[in-house]
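Remember, our numbering sits 11 above the position in the sequence shown when you count from 1.
Each residue gets a CB set at the ideal place from its N, CA and C atoms; glycine is no exception.
Notes follow the structure.
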Amino acid sequence: MNLQANGVDVWNELLPENERNMPMPEIDHNIPLDQAGQQNLNVSVNKELDGKPIRIPGFVVPLDTEGELVKEFLLVPYFGACLHYPPPPPNQIVYVTHSKGLQLEDLWEPVWVEGTINTQVQTVEGVATAGYSISEPESIVLYTD
Numbered sequence: 012m013n014l015q016a017n018g019v020d021v022w023n024e025l026l027p028e029n030e031r032n033m034p035m036p037e038i039d040h041n042i043p044l045d046q047a048g049q050q051n052l053n054v055s056v057n058k059e060l061d062g063k064p065i066r067i068p069g070f071v072v073p074l075d076t077e078g079e080l081v082k083e084f085l086l087v088p089y090f091g092a093c094l095h096y097p098p099p100p101p102n103q104i105v106y107v108t109h110s111k112g113l114q115l116e117d118l119w120e121p122v123w124v125e126g127t128i129n130t131q132v133q134t135v136e137g138v139a140t141a142g143y144s145i146s147e148p149e150s151i152v153l154y155t156d
């Protein structure tokens, strides 16, 4: 599924301009987890986005839940990211905190997150490092074409 906003590849905009034409690393799902590589910790981000409003599609990797509500999660560009190693690079992960909580029925359903993006690096112990964060998004809705 190609997640784009009005024909713009929002995830590509998170990359610094000099990294936008670099190929994405290949993921081999047949490698045992103990032999899989580590996350590329290159934390170069697009600093021009800091403090700007954004509407970005992606998939939810829950980190903190309260009952059926997801209060803290990683937003990633493709399904299964962070569940298979290595995780995407930090500039392709957005750490989201949402005190109201998100009721998500299916993890494979992509969502739109709308809010203010920050370039503050967040490390989630044992999971991944995120190059961006969105705190208290204005809206989170299911992705529709």
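Can you give me the Cβ contacts of residue i inside the same chain, cut-off strictly under 7 Å, excluding the 5 residues immediately before and after it?
i           : result
proline 148 : Val107, His109, Val124, Glu125, Gly126
glycine 137 : none
Between which residues of its own chain and residue i is the CB-CB distance below 6 Å, once the five residues before and five after are set aside?
i             : result
glycine 151   : Before going further, note that residue 151 is isoleucine rather than glycine in the sequence given. Same-chain partners within the cutoff: Leu113, Val122, Val124.
threonine 155 : none
Along the chain, where does the alpha helix (DSSP H) containing residue i start, and where does it finish?
i             : result
glutamate 136 : Glutamate 136 -> no alpha helix (DSSP H), and no H or E assigned at all.
To the nearest angstrom, how far is the alpha carbon of residue i from that of residue j?
i                : j             : result
phenylalanine 90 : glycine 142   : 18 Å
leucine 153      : leucine 80    : 15 Å
glutamate 30     : glutamate 116 : 35 Å
valine 56        : isoleucine 67 : 16 Å
glycine 69       : glutamate 77  : 21 Å
glutamate 83     : glutamine 131 : 16 Å
asparagine 102   : lysine 111    : 26 Å
glutamate 59     : glutamate 120 : 29 Å
proline 100      : aspartate 20  : 17 Å
Thinking C-beta only, is residue j closer than 8 Å to residue i?
i              : j             : result
tryptophan 22  : proline 88    : yes
asparagine 129 : aspartate 75  : no
serine 144     : glutamine 133 : yes
valine 71      : leucine 25    : no
From which residue to which residue does the beta strand (DSSP E) around residue i run?
i                : result
valine 21        : Taken as a continuous stretch (DSSP letters only), valine 21 belongs to no beta strand (DSSP E), being part of the alpha helix (DSSP H) at 21–24.
arginine 66      : 63–77
glutamate 125    : 122–129
glutamate 30     : Counting along the chain, glutamate 30 falls outside any beta strand (DSSP E), and DSSP gives it neither H nor E.
glycine 112      : 105–114
serine 55        : From DSSP, serine 55 is part of no beta strand (DSSP E); its letter is neither H nor E.
phenylalanine 84 : 80–87
For residue i, collect the residues of the same chain with a Cβ closer than 8 Å to its Cβ; drop the 5 residues on either side in sequence, then sort them by chain order.
i             : result
glutamine 135 : The sequence given here has valine at residue 135, not glutamine. Around valine 135: Leu74, Leu85, Tyr106, Ala141.
glutamate 28  : Asn57
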